[in-house]
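One structure below.
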Amino acid sequence: MDQTIAAAAAVLQMLMDGNQRYVDKRSTHPHQDAARIHEIALGQHPVAIILGCSDSRVPPEVIFDHGLGDLFVVRVAGNVVDDVVLGSIEYAIVSFDIPLVMVLGHERCGAVSAAVKHSQVPGHVSTLMLAIQPALERVKEGGNNPIDAAVIANVEMTVEEIKTSEPLLAKLVKQGRVQVVGARYDLEQGRVEMVV
Ligand SMILES: [Zn+2]
Numbered sequence: 430m431d432q433t434i435a436a437a438a439a440v441l442q443m444l445m446d447g448n449q450r451y452v453d454k455r456s457t458h459p460h461q462d463a464a465r466i467h468e469i470a471l472g473q474h475p476v477a478i479i480l481g482c483s484d485s486r487v488p489p490e491v492i493f494d495h496g497l498g499d500l501f502v503v504r505v506a507g508n509v510v511d512d513v514v515l516g517s518i519e520y521a522i523v524s525f526d527i528p529l530v531m532v533l534g535h536e537r538c539g540a541v542s543a544a545v546k547h548s549q550v551p552g553h554v555s556t557l558m559l560a561i562q563p564a565l566e567r568v569k570e571g572g573n574n575p576i577d578a579a580v581i582a583n584v585e586m587t588v589e590e591i592k593t594s595e596p597l598l599a600k601l602v603k604q605g606r607v608q609v610v611g612a613r614y615d616l617e618q619g620r621v622e623m624v625v
């Protein structure tokens, strides 16, 4: 268990170091050459699972300065979970023995904004709103940036949903096989900051 906690901390540090390079405009773009393509052709060993928003401004490999085969990424508008997303996370943890799951929200998330504003949305977009809605009830009144508060509440809620998901993830978390953390990406600087 202690080994996994240490592994998760090391992976988180690698991600944050990569984000610092990206913020500082000194990305090294690792693991993106022909040798890497060949190296991972027959098998992947990603080190982290990222559940992020589909927003085109927040591609995990770019903002963490990682490359091919490094990150197992699940992206869905509003970085919410449903059974398909949970299944993807479970698959990756079990198949690749990944010690870290990061839920990554971001500033000015369109899906979260629409939920906050109760926007009229077409078709299946309403499913996203319903998934985000419970997070809004956790936001305290009186803040000066209700959308950002909702983004953070939504990350916190999603982290909890993953940690308590039965029958598998709750057990893996309890056993210390995986750490689940939450973070927020700032669109102005490109910086990732921990939320939970
Ligand atoms: Zn978004």
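Just so it is clear: in the sequence shown, position 11 is 440 by the working numbering, and no numbers are missing. Glycine included, every Cβ here is placed at the ideal spot set by N, Cα and C. Remember, predicted model here, so these are calculated numbers, not experimental data.
Residue(s) in a DSSP beta bridge with residue i
| i | result |
| --- | --- |
| L480 | V503 and V532 |
| R620 | D615 |
| V610 | M531 |
Reference residue i; option with closest CA among the options
| i | options | result |
| --- | --- | --- |
| I580 | I591, K603 and V545 | Residue 580 is actually Val in this sequence, not Ile. Ranking the options by Cα distance to V580, first place goes to V545. |
| E617 | I492, L529 and V609 | I492 |
| G607 | G619, T593 and R620 | Correcting the residue identity first, residue 607 is Val in this sequence and not Gly. Ranking the options by Cα distance to V607, first place goes to T593. |
| I518 | E536, M445, V588 and K569 | V588 |
| Q432 | R613, L529 and D615 | L529 |
| P488 | L598, L533 and I527 | L533 |
| V568 | I469, N583, V625 and R486 | N583 |
| R537 | D484, V503 and S456 | D484 |
| A612 | L557, H535 and E566 | H535 |
| M623 | G571, Q442 and Y520 | Q442 |
| D494 | V609, L480, P459 and E468 | P459 |
| V513 | L480, L471 and G571 | L480 |
Near ligand 1: residue i beta-carbon under 6 angstroms from a heavy atom
| i | result |
| --- | --- |
| A540 | yes |
| D484 | yes |
Distance cut-off 6 angstroms: residue i Cβ against heavy atoms of ligand 3
| i | result |
| --- | --- |
| L529 | Annotation note on ligand 3: not contained in the displayed structure, which lists ligand 1 as its ligands. |
> In the segment 499 to 527, which residue ranges form an unbroken beta strand (DSSP E) of at least 3 residues, counting only runs that do not cross its ends?
Replying inline: 500 to 504
> For the 8 angstroms Cβ check, are there 3 or more pairs between the segment 498 to 506 and the segment 468 to 475?
Replying inline: yes
>> Across the segment 447 to 467 and the segment 544 to 551, are there enough close Cβ pairs to call them in contact, namely three or more that are closer than 8 angstroms?
In response: no
> Are three or more beta carbon pairs between the segment 560 to 569 and the segment 502 to 517 nearer than 8 angstroms?
Replying inline: yes
> Below 8 angstroms, can you find three or more Cβ-Cβ pairs linking the segment 534 to 545 to the segment 574 to 590?
Replying inline: yes
>> Please give me, in chain order, every unbroken run of the alpha helix (DSSP H) with length at least 4 that falls completely inside the segment 530 to 584.
In response: 539 to 545 and 554 to 565
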